[in-house]
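To start, the structure itself, in structure tokens.
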Amino acid sequence: MFRKTILAAAAVAAFTATTPVMAQTGDAATEARVRQILRRTPLIDGHNDLPWAIRQGYGNDVHGVDLTTDLSMSTRLHTDIPRLREGGVGAQFWSVYVSANMTQLEAAKATFEQIDTVKRIIGAHPQTFEIATTADDIVRIHRQGKIASLIGMEGGYSIDDSLGLLREFRRAGALYMTLTHSKSTNWADAGTDAPKWGGLNAFGEEVVKEMNRIGMMVDLSHVSPDTMRDALRVTEAPVIFSHSSALGVTAHPRNVPDDVLAAMKDNGGIVMVTFVPGFISEQVREWSSLRAAEDARLKSLHPGDPDRVKRELDQWMSAHPIPRATLQDVVAHIQYVRDKAGIDHVGLGGDFDGVDSLPVGVEAVDAYPRILAELMKRGWTEADIRKLSGENMLRVMRRVEAVAAAKQSERPNLSRLPAN
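Going by the working numbering, the sequence shown opens with residue 12, and the numbers climb by one from there.
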């Protein structure tokens, strides 16, 4: 299994095994209107883990899988060029994720390798992809009929507590950095780990300030609520959540609380709603918690007997089938973020190829017209759809670029986090 694990392995296997062929929602006329909008407005997705899937599943060989063909029947990949085209994707942030279980130095090396992988994917398909480093690049590339390709780092451990490395990643093309992944770093608390700092420590604040100076977007997906609030206090540029959903709908610690959603209005940032079942469906989240508790119970009852634990856990799962997340759950989170943050502060960040299962109707990158058509059926205007799809992110990027331009005369901060 090559994707970043969100649910336990057995759980995602069960979920995937029961996922049907893509559900159809929205009528043809509405989807046709959506496609017309996306011809003029680039749909910008905030997070796709295809580079990691290629690293784990194909030995980092970008020619090891033919992305020019529809891979839905031959691989477990969510992403290929035909489905990107069908989905109307105009710009994609490719995640250069590496595991939080690596040492920081290993993570730095692997992240540079992942940046190389993105560039090799683009180089292998120059008729489809082109690297973008600015908002204007996205607009130009989209008008040329190509998919603008951008790089986003996932996990602040990759800078190895070095602002110098942070700057080198920016020079290599990384346009955002998620401050943490699943584990807290030496300077920022993660949302799914025990807190160390109560948010950001002093060095973490310096990281945010330096990101502002060099024009790298501060990504607050994965971080704790206190880290979100500290980053919002420190930053002078808009923040992003490249792939997060709403805590007010699904009580998962990866989601964004209401006060932070409201703060987007003053900050100017954007929450790009993700499609991970456990983040968007309260039933799936609760099932995952029950499964984890049963796994822990069985391990305590049968220490040293993993085969029995697996057998009995499989029996429990057969008796308690996993619920299904749906496209309607995705739409509920998009609507909630709009209601709390405003139409100018919501976007899309699927996390395709970063999870092993997806909601019914949202099984791959071709799902965007169905999602947008459902929103239009609920009263969203064409202007709303343009903002959600890409205009909001373009505005955020232009503001981040403007803040960086204003700060270029400032001397770089050379500090490094002292040894603990």
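Ideal placement from N, C-alpha and C gives every residue a C-beta, glycine not left out.
Residues bridged to residue i (per DSSP)
i, result
"Phe286", "For Phe286, which the question treats as bridged, DSSP gives no partner whatsoever."
"Asp306", "Partner(s): none; Asp306 has no beta bridge."
"Arg281", "For the sequence presented, residue 281 should be read as Ile rather than Arg. Answer by DSSP bridge pairing, in chain order: Ile251."
"Ala257", "Val267"
Simplified DSSP state of residue i, which is helix, strand or coil
i, result
"Asn403", "helix"
"Leu324", "helix"
"Met113", "coil"
"Gly337", "Reading off the sequence shown, one finds Thr at residue 337, where the question assumed Gly. Strand, per DSSP."
"Trp391", "coil"
"Gly101", "strand"
"Ser433", "It is not possible to answer for residue 433, since the shown part of the chain is limited to 12 through 431."
"Gly315", "coil"
"Leu54", "strand"
"Arg409", "helix"
"Arg87", "coil"
"Pro93", "helix"
"Ser299", "helix"
"Thr128", "helix"
"Val414", "helix"
"Thr80", "coil"
"Gln419", "coil"
"Leu425", "coil"
"Ser329", "helix"
"Gly134", "helix"
Where the alpha helix (DSSP H) through residue i begins and ends
i, result
"Ala241", "In the sequence on display, residue 241 carries Asp and not Ala. From DSSP, the alpha helix (DSSP H) with Asp241 extends over 236 to 245."
"Asp270", "269 to 278"
"Asp147", "146 to 154"
"Trp161", "The amino acid occupying residue 161 in the given sequence is Leu; Trp does not appear at that position. Per DSSP, Leu161 belongs to no alpha helix (DSSP H); it is in the beta strand (DSSP E), 158 to 165."
"Glu42", "39 to 51"
"Gly68", "61 to 68"
Straight-line Cα distance separating residue j from residue i
i, j, result
"Gly103", "Val129", "The question names Gly, but residue 103 is Gln in the sequence shown. Distance between the alpha carbons of Gln103 and Val129 is about 11 Å."
"Thr261", "Thr86", "30 Å"
"Asn212", "His356", "27 Å"
"Arg335", "Gln294", "8 Å"
"Thr337", "His58", "19 Å"
"Tyr187", "Glu117", "20 Å"
"Trp298", "Lys310", "18 Å"
"Arg240", "Glu323", "43 Å"
"Ile132", "Lys157", "14 Å"
"Met164", "Val73", "19 Å"
"Gly167", "Thr189", "6 Å"
"Gln35", "Glu247", "Only weak support exists for where Gln35 lies, its pLDDT of 43 falling under 50; the value from the coordinates is given anyway. Distance between the alpha carbons of Gln35 and Glu247: 43 Å."
"Ala417", "Ser106", "28 Å"
"Ala185", "Ile225", "11 Å"
"Gln138", "Ile149", "15 Å"
"Ala25", "Val414", "At Ala25 the pLDDT is 35, less than 50, meaning the model places this residue with poor confidence and gives no usable figure here."
"Thr285", "His254", "5 Å"
"Gly372", "Ile382", "9 Å"
"Ala343", "Leu425", "44 Å"
"Glu179", "Met228", "15 Å"
"Pro206", "Ser195", "7 Å"
"Leu177", "Val250", "17 Å"
"Ser420", "Ile126", "28 Å"
"Ile7", "Gly202", "Residue 7 lies beyond the stretch modelled for the chain, which goes from 12 to 431, so this question has no answer here."
"Val407", "His136", "28 Å"
"Ile354", "Asp395", "7 Å"
"Lys410", "Tyr379", "The sequence given here places Arg at residue 410; Lys does not occur at that position. Going from the Cα of Arg410 to the Cα of Tyr379 covers about 26 Å."
"Ser193", "Arg265", "9 Å"
Range covered by the beta strand (DSSP E) that runs through residue i
i, result
"Ala262", "Per DSSP, Ala262 belongs to no beta strand (DSSP E) and is neither H nor E."
"Glu141", "140 to 142"
**Request:** Jot down the residue ranges of each uninterrupted beta strand (DSSP E) in the segment 167 to 247, minimum 3 residues, whole runs only, in chain order.
**Result:** Those beta strand (DSSP E) runs which fall completely within the segment 167 to 247 and span 3+ residues are 185 to 189, 228 to 230.
**Asked** For the segment 339 to 379, which segments carrying the beta strand (DSSP E) assignment without a break, of at least 3 residues, lie completely within its bounds, in sequence order?
**Response** Listed in chain order, the complete beta strand (DSSP E) runs (minimum 3 residues) inside the segment 339 to 379 are 357 to 359.
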